[in-house]
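Residue numbers for the sequence shown follow the working numbering, beginning at 565 and rising by one.
Positions of the beta carbon are idealized from the N, C-alpha and C atoms, including for glycine.
See structure below.
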Amino acid sequence: MLLPLAFAIGVASMAGCTPQAGGPAASAPPAALPAGITASVLQSRQDVVDGKLVVQLDNATGDALEFAAFEVSAPGLEPGLRFEGPRTIPDGRSVQYRVELGGTRCDGDAGPAEVALEVSGGGGGEAVGTIEADDLYDTLPRLQNSGCLAGAVADVAAFTLAEHLRSTGSGTDRRAFLDISVEPTGAASGSVDLSEVLGTTLLSAEDGLNWSTTTAHIEASDAPSTISLPVRPARCDPHAGAEDKRGTILPLVVTTSEGWSGQYEVRASATLKQDLFAYFTERCGLPSN
Numbered sequence: 565m566l567l568p569l570a571f572a573i574g575v576a577s578m579a580g581c582t583p584q585a586g587g588p589a590a591s592a593p594p595a596a597l598p599a600g601i602t603a604s605v606l607q608s609r610q611d612v613v614d615g616k617l618v619v620q621l622d623n624a625t626g627d628a629l630e631f632a633a634f635e636v637s638a639p640g641l642e643p644g645l646r647f648e649g650p651r652t653i654p655d656g657r658s659v660q661y662r663v664e665l666g667g668t669r670c671d672g673d674a675g676p677a678e679v680a681l682e683v684s685g686g687g688g689g690e691a692v693g694t695i696e697a698d699d700l701y702d703t704l705p706r707l708q709n710s711g712c713l714a715g716a717v718a719d720v721a722a723f724t725l726a727e728h729l730r731s732t733g734s735g736t737d738r739r740a741f742l743d744i745s746v747e748p749t750g751a752a753s754g755s756v757d758l759s760e761v762l763g764t765t766l767l768s769a770e771d772g773l774n775w776s777t778t779t780a781h782i783e784a785s786d787a788p789s790t791i792s793l794p795v796r797p798a799r800c801d802p803h804a805g806a807e808d809k810r811g812t813i814l815p816l817v818v819t820t821s822e823g824w825s826g827q828y829e830v831r832a833s834a835t836l837k838q839d840l841f842a843y844f845t846e847r848c849g850l851p852s853n
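What follows is the structure, encoded as C-alpha cells:
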C-alpha cells in the first residue's frame with residue numbers, strides 16, 4: 565500500500581462548528597505518525613562548501629511512503645528549511661535530501677532538530693506530527709558555532725585575502741606571501757583574538773604546516789592592518805588543485821569578545837586561486853601545460 569506523505573501546515577479549528585442534527589459528522593482528528601519513520605541531520609564535506617543541510621528519512625513502517633514536502637526546524641537555525649517533493653521512500657530504505665541553509669540563531673541551544681510531516685493514507689485518513697532528528701555528528705552545534713562566530717567576527721573587522729599573490733624570485737627558488745587585510749568596523753566595542761592560521765591540503769606555512777606564530781588582537785576601533793603569511797605548496801601534485809574543493813580556504817583560529825571561538829574561514833578569490841596554482845607549478849617545477 566502507498567502512503568502519500570505531505571508537510572503539515574496546520575489543521576483547521578473545528579471549535580464552534582457543532583454539526584446540526586442530521587447534518588454531516590465532524591471530521592475525525594488526524595492520527596499520530598505511524599511507527600517506523602525516523603530522521604537524522606548531517607553534512608558531507610561538499611555540503612559544507614555548498615551551504616546545504618542533509619536530512620535523512622528512514623522508512624521502516626512496512627509500507628512505501630510518498631511525501632510532497634517536509635520542513636526542518638532547530639533552535640539554532642533560522643526557520644524556512646523546506647524540501648519540496650514529491651518523493652517516494654520504499655519500505656526499508658533510508659533516503660537523503662538536501663535543503664538550503666539560512667542564517668543561525670545565537671541566543672539559545674543549537675538543537676534538537678525536528679522534521680514536520682503529514683501522512684495521508686488510503687481511504688482519506690491522515691497522520692500528522694513531528695519527528696525529532698538524530699544528530700550523530702554534532703552537525704547542529706557546529707553550524708550554530710560557525711554562523712555565530714562569523715557574525716561576531718564581522719561585527720569587529722573584515723578579513724580579506726589580497727586579490728593577488730605577492731612573491732619574489734623565480735622558478736623553484738620563488739617565494740610567496742599571502743596578505744590578509746584587516747579592516748576594523750569602527751564599532752564602539754568588540755574584539756577578535758587570532759591565535760593561529762591553519763594550513764590546508766594545498767597551502768602550508770614556509771616553515772611548517774601551520775602559521776602557529778601568527779597571532780593578533782584586533783579591536784573594532786583599531787586602524788586597518790595587514791597579516792602576511794609566507795606560503796609554500798603543501799603538495800607538489802599537478803592534480804591537487806583540480807581535485808581539492810577547500811584547499812584555498814584559510815582557517816583562522818579566533819576567539820571573539822562575545823565568547824564564540826573556532827575556525828573563521830577566509831576564502832581566496834578566483835584571481836588569487838589562479839596566482840596560487842601558477843606559483844605551485846613554478847615552485848614545484850611542474851610542467852605548465
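Per the DSSP calculation, K616 is bridged to which residue(s)? Indexing the sequence shown from 1 puts residue 616 at position 52. Bridge partners of K616: E664.
Does the region 666-683 come into contact with the region 727-740, if we say contact requires no fewer than three beta-carbon pairs (one atom in each stretch) closer than 8 Å? No, they do not touch.
Give me, in chain order, the residues of the same chain whose beta-carbon lies closer than 7 Å to that of G688; leave out the 5 immediate sequence neighbours on both sides. The residue labelled residue 688 in the question sits at position 124 within the sequence shown. With a pLDDT of 46 at G688, under the threshold of 50, the modelled position of this residue cannot be trusted, and the question is left open.
Would you mind stating whether V784 and T819 have Cβ atoms separated by less than 8 Å? The residue labelled residue 784 in the question sits at position 220 within the sequence shown. The residue labelled residue 819 in the question sits at position 255 within the sequence shown. The identity of residue 784 in the sequence shown is Ala, whereas the question assumes Val. No, the Cβ-Cβ distance between A784 and T819 is not below 8 Å.
Under 8 Å Cβ to Cβ from S759, same chain only, skipping five residues before and after it: list those, please. Along the sequence shown, one-based indexing puts residue 759 at 195. These residues qualify, in order along the chain: T779, V817, V818, T819.
On the DSSP letters alone, give me the boundaries of the alpha helix (DSSP H) that D743 sits inside. Walking along the sequence shown from the start, residue 743 turns up at place 179. Element bounds for D743: not the alpha helix (DSSP H) but the beta strand (DSSP E), 739-748.
Inter-stretch contact at 8 Å, needing at least 3 Cβ pairs: the region 593-607 / the region 695-703: Result yes; three or more Cβ-Cβ pairs closer than 8 Å.
What's the call for L773, buried or exposed, on a 16-neighbour Cβ count within 10 Å? Residue 773 sits at position 209 when you count from the first residue of the sequence shown. Classification of L773: exposed, given that the 10 Å Cβ count is below 16.
Is R706 helix, strand or coil when you go by DSSP? Position 142 of the sequence shown holds residue 706. In the structure shown, R706 sits in a helix (DSSP, three-state: H, G or I).
Quick one: is E635 buried, meaning 16 or more other Cβ sit within 10 Å of its Cβ, or exposed? Here residue 635 corresponds to residue number 71 of the sequence shown, with the count starting at 1. Buried: at least 16 other Cβ atoms inside 10 Å.
Less than 8 Å between the CB atoms is what I'm expecting for L645 and H728, so what's the real figure, rounded? Reading the sequence shown from its first residue, position 81 is the one you call residue 645. Reading the sequence shown from its first residue, position 164 is the one you call residue 728. The pair is not a contact, with the Cβ atoms about 38 Å apart (cut-off 8 Å).
From the DSSP output, in three-state form, read off R657 for me. As a first step, residue 657 is located in the sequence shown; it is residue number 93 there, counting from the start. R657: coil per DSSP, three-state reduction.
Under 8 Å by Cβ, that's how I've got P598 and T625 pegged, so tell me the actual separation to the nearest angstrom. Your numbering for residue 598 matches position 34 in the sequence shown. Your numbering for residue 625 matches position 61 in the sequence shown. 5 Å between Cβ atoms; contact.
Just the Cα atoms here: how many angstroms apart are L725 and V717? Taking the first residue of the sequence shown as 1, we reach residue 725 at position 161. Taking the first residue of the sequence shown as 1, we reach residue 717 at position 153. L725 and V717: Cα-Cα distance of roughly 15 Å.
Going by C-alpha distance, which of E630, Y843, L766, L707 is nearest E642? Taking the first residue of the sequence shown as 1, we reach residue 642 at position 78. For the residues E630, Y843, L766, L707, the minimum Cα distance to E642 belongs to L707.
Less than 8 Å between the CB atoms is what I'm expecting for P797 and L766, so what's the real figure, rounded? Position 233 of the sequence shown, counted from the first residue, corresponds to residue 797. Position 202 of the sequence shown, counted from the first residue, corresponds to residue 766. Sure, about 7 Å apart at Cβ, within 8 Å.
Beta-bridge pairing of F634 - partner residues as DSSP gives them: As a first step, residue 634 is located in the sequence shown; it is residue number 70 there, counting from the start. Listed as beta-bridge partners of F634 by DSSP are F647.
Out of S768, T777, A787, I782, state which residue places its alpha-carbon closest to the alpha-carbon of C800. Along the sequence shown, read from residue 1 onward, the residue named residue 800 stands at position 236. For C800, the nearest C-alpha among the options comes from S768.
Indicate the three-state DSSP secondary structure (helix, strand or coil) for G711 in the structure shown. Along the sequence shown, one-based indexing puts residue 711 at 147. G711 falls in the helix class under three-state DSSP.
Please name the residue, chosen from F723, Y661, D743, G693, that lies closest to P794 on a Cα-to-Cα basis. As a first step, residue 794 is located in the sequence shown; it is residue number 230 there, counting from the start. Ranking F723, Y661, D743, G693 by Cα distance to P794 puts D743 first.
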